[in-house]
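J.: Attaching a single structure in structure tokens format; questions to follow.
Residue numbers (this note's numbering), protein chains in the order written: chain E, 1 to 259; chain A, 260 to 534.
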């Protein structure tokens, strides 16, 4: 029996009005996957996230999430957004933020937090080690702790896929390592799609890697091929040459550039 | 002191003003908290001024200006809300345009209407001492609509205010909740206008929650304390206004501003002492 992909994109074009940002993207992701997509700013990472979340419709091509249109299928996605600076001043507790992961399309069902919702929230907080902080307000937390809360919020929805947008952007390097350890653990039962410009961190932890810059190069392998670097022109090439473990780069053509 | 208060509120118009303060504070305390947290203060100002167009047209047609104001504020709230949902930045211009169009329409129709127009000043500057029984019933109705809406949709509302995209991904009916909130802002603005006038509505909506935000870290607490702060300020404003014979609206707003200033200073001191 063939495995069903959790996310399937076929020949997809997308953008805003006349401005095409993604061209002819095809991509499949399965239940055990841990995919890291890198790409330069302005290369379409955000657009790709918005398409997967059903926030914008593709101009051409198809996309399904758990075999459904993204607007329906997105309930299976635990979305971990970037923490915005303006969120800082919003008075809200850790518990209330994670409880947002339990929200449903039906307003009546969102009236109160039911027992099984409470359990899911507690488990999600425990998984990220933030249960002791449940009564704190968000602005009392460090960047790494806030990121954990956002992961808990995503987990509270009991998702099949975890989608993370630049998870380490406001996090120091130690918390960022802890974060990746946590994600590796979660990957036991959740597919993870991580989108970032931070190649160093991604390449160490993910199972497979791809590059998005208007086009998407993804071969389901961990190697960063020449093609990826070429197509993803603007990918942080200097970073590839200096900061990354050797095994990430296929072949030895680039050896001369290594330190 | 108590005797004095008893004397002041032995007048029916003062008792009505106090009851009006209660209903309006209930509505503005809750709705104002949402306005501040969602950063739509200027949108609310736009609704208030657009409503003046309704006042003018209703007056010209010989209808109750309150009805005109309610209609105009509801429609403009919906238009601005839809624009805001479509594009965050583009809505700003539209708000400015509707703000001034509403005022222009109001002024034109009022000047087209023959006769004595002192009554219309009350929509600009408020006339809490002249509220009628109908006004009070309308205020109570809107206050309970606001209260019911917030209690019923609280979790969804909190999520949408905090993180709209996440709420959309959870398929919460964001548009429905957001537009309902804007319509309630429109209705609240009209009854608050009756009290302090459309020019000062924004102050009544935004200052009590701003004070509350200095001291509370929970949206429920902010709403509740905004209601109490707002009512207390109105009460004090009424008493001072009665004693000094100065119009109540501006007294209330100045009191509110002074309280906000002191509250911010207290918070500053508190923070610097702790650090």
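Every residue gets a Cβ at the ideal spot worked out from N, C-alpha and C, and that includes glycine.
Hey, is residue 255 (chain E)'s beta-carbon within less than 8 Å of any beta-carbon in chain A?
T.: Its pLDDT being 40, under 50, residue 255 (chain E) is placed unreliably in this model, and the coordinates cannot settle the point.
J.: Quick check on residue 11 (chain E): does DSSP put it in helix, strand or coil?
T.: DSSP places residue 11 (chain E) in strand when its eight states are reduced to three.
J.: Please list, in chain order, the residues of the region 432–450 of chain A that have any C-beta partner in chain E closer than 9 Å.
T.: The region 432–450 of chain A vs chain E, Cβ under 9 Å: 432, 435, 436.
J.: For residue 343 (chain A), would you say it is in contact with chain E, using Cβ-to-Cβ distances shorter than 8 Å as the test?
T.: Closer than 8 Å: no.
J.: Taking C-beta to C-beta, are residue 454 (chain A) and residue 310 (chain A) nearer than 8 Å?
T.: For residue 454 (chain A) and residue 310 (chain A), no; Cβs fall outside 8 Å.
J.: If the cut is a Cβ gap below 9 Å, which residues of chain E does residue 294 (chain A) touch?
T.: Result: empty, since nearest Cβ-Cβ is about 14 Å, beyond 9 Å.
J.: So for residue 191 (chain E), helix, strand or coil by DSSP?
T.: Looking at residue 191 (chain E) - three-state DSSP - the assignment turns out to be strand.
J.: How is the alpha helix (DSSP H) around residue 161 (chain E) delimited, first residue to last?
T.: That residue, residue 161 (chain E), is in no alpha helix (DSSP H); its beta strand (DSSP E) goes 161–165.
J.: Does residue 74 (chain E) come within less than 8 Å of chain A when only Cβ atoms are used?
T.: Yes, residue 74 (chain E) lies at the interface with chain A (some Cβ there is under 8 Å from its Cβ).
J.: What residues in its chain sit with their C-beta under 6 Å from that of residue 463 (chain A), if we drop five residues either side in the sequence?
T.: Correct list, in chain order: 287, 451, 455.
J.: Can you tell me whether residue 236 (chain E) is buried or exposed? The criterion is at least 16 other CB atoms within 10 Å of its CB, across all chains shown.
T.: In this predicted model, residue 236 (chain E) has a pLDDT of only 48, less than 50, meaning its place in the structure is not dependable; the value taken from the coordinates is given anyway. Counting Cβ neighbours within 10 Å, residue 236 (chain E) comes out buried, since at least 16 surround it.
J.: Using a Cβ-Cβ cutoff of less than 6 Å, which residues in the same chain neighbour residue 77 (chain E) once the five nearest sequence positions on both sides are dropped?
T.: The residues are 159, 161, 163.
J.: Rounded to whole angstroms, what is the Cα-Cα separation between residue 82 (chain E) and residue 511 (chain A)?
T.: Each residue's alpha carbon lies about 41 Å from the other.
J.: What does the alpha-carbon distance come out to for the pair residue 439 (chain A) and residue 261 (chain A)?
T.: About 42 Å.
J.: Identify the continuous beta strand (DSSP E) that holds residue 35 (chain E) and give its terminal residues.
T.: Start and end: 34–38.
J.: Which residues mark the beginning and the end of the beta strand (DSSP E) in which residue 30 (chain E) is found?
T.: That residue, residue 30 (chain E), is in no beta strand (DSSP E); it is neither H nor E in DSSP.
J.: Beta-carbon of residue 258 (chain E) versus every beta-carbon of chain A: anything under 8 Å?
T.: Reliability fails at residue 258 (chain E), whose pLDDT of 40 lies under 50, so the model's placement of it is uncertain and no value is given.
J.: So, is the C-beta of residue 96 (chain E) closer than 8 Å to a C-beta in chain A?
T.: Answer yes: the Cβ-Cβ gap between residue 96 (chain E) and chain A drops below 8 Å somewhere.
J.: Can you tell me which of the three DSSP states residue 96 (chain E) falls into?
T.: Residue 96 (chain E) falls in the helix class under three-state DSSP.
J.: Quick one: what's got a C-beta closer than 7 Å to residue 14 (chain E)'s C-beta in the same chain, skipping five residues either side?
T.: Counting only Cβ-Cβ distances below 7 Å, and skipping sequence neighbours, we find 21, 22, 47, 51, 56, 58, 59.
J.: Using a beta-carbon distance below 8 Å, is residue 274 (chain A) in contact with chain E?
T.: No - not a single Cβ of chain E is within 8 Å of the one on residue 274 (chain A).
J.: Below 8 Å CB to CB, which residues in the same chain sit around residue 19 (chain E) once its five sequence neighbours on both sides are set aside?
T.: Answer for residue 19 (chain E): no residue qualifies.
J.: Does any residue of chain A have a CB that is nearer than 8 Å to the CB of residue 15 (chain E)?
T.: Chain A, which has no Cβ nearer than 8 Å to the Cβ of residue 15 (chain E), makes this no.
J.: Count the other CB atoms within 10 Å of the CB of residue 272 (chain A); is the residue buried (16 or more) or exposed (fewer)?
T.: Residue 272 (chain A) should be labelled exposed.
J.: Should residue 529 (chain A) go down as buried or exposed, given a rule of 16 or more other Cβ atoms within 10 Å for buried?
T.: Its Cβ having fewer than 16 others within 10 Å, residue 529 (chain A) is exposed.
J.: Under 6 Å Cβ to Cβ from residue 442 (chain A), same chain only, skipping five residues before and after it: list those, please.
T.: Contacts found: 333, 336.
J.: So residue 72 (chain E) is in the beta strand (DSSP E); what residue range does that whole segment cover?
T.: Counting along the chain, residue 72 (chain E) falls outside any beta strand (DSSP E), though it belongs to the alpha helix (DSSP H) covering 70–73.
J.: Within this structure, are the beta carbons of residue 432 (chain A) and residue 291 (chain A) separated by less than 8 Å?
T.: No, these two residues do not count as a Cβ contact at 8 Å.
J.: Under the rule that 16 or more other beta-carbon atoms within 10 Å means buried, what is residue 531 (chain A), buried or exposed?
T.: Flag for residue 531 (chain A) reads exposed.
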